[in-house]
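Residue numbers (our numbering): 3 to 173.
From the three backbone atoms N, C-alpha and C, an ideal C-beta is built for every residue, glycine too.
Note that the coordinates shown come from a computational prediction; the quantities given were computed from them, not determined experimentally.
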């Protein structure tokens, strides 16, 4: 009688891309801009390492991880390194590091952002594992990823133009 079928054009708009959602999630996480590098470096042990996620193979990484443009090149790059076995063994740390870093370092040249380095701590056995992920183009491009030492971290923190800390502050 007066019941008209709703047109189907509204349905198509519902499925937003997961890349946009990921970007929104990244923006919404609270962080602190670090002014005092010295104090921050002493405070690195305030990072609470996350339990290691389940390991994944290259295939799962390529299939599961949305929101980045160059996953295949990233894998090729890691495979080309002398420590490729080692680097590919940490593929499962890429996504959590990108989505929920403990620290993000921003590097600029002539006032423009040239790269970001995301760092996340994971519970290793016995020592904490720091995973280090380098991105460009607003995190849509993965440059490289590796497990790194605390000393290397400190060097990078020292060189960074802007430091965002996502480490919860104990009040």
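With fewer than 16 other Cβ atoms inside 10 Å of its own Cβ, residue 88 counts as exposed. Going by beta carbons, residue 123 and residue 49 fall inside the 8 Å limit. Out of 95, 33 and 37, the CA that lies nearest to the CA of residue 159 is found in 37.
Taking a C-beta distance under 8 Å as the contact criterion, residue 104 and residue 42 do not qualify as a contact pair. Note on geometry: alpha-carbon atoms of residue 80 and residue 107 lie some 21 Å from one another. Here residue 147 is bridged, per DSSP, to 135.
When DSSP assignments are scanned along the segment 48-113, the uninterrupted stretches of alpha helix (DSSP H) that are 4 or more residues long and fall wholly within it turn out to be 60-66, 73-81, 86-90 and 96-101. By the CB criterion at 8 Å, residue 133 and residue 157 fall outside the cutoff.
In the structure shown, the three-state DSSP call for residue 33 is coil. Assignment of residue 168 by DSSP, reduced to helix, strand and coil, places it in the coil class.
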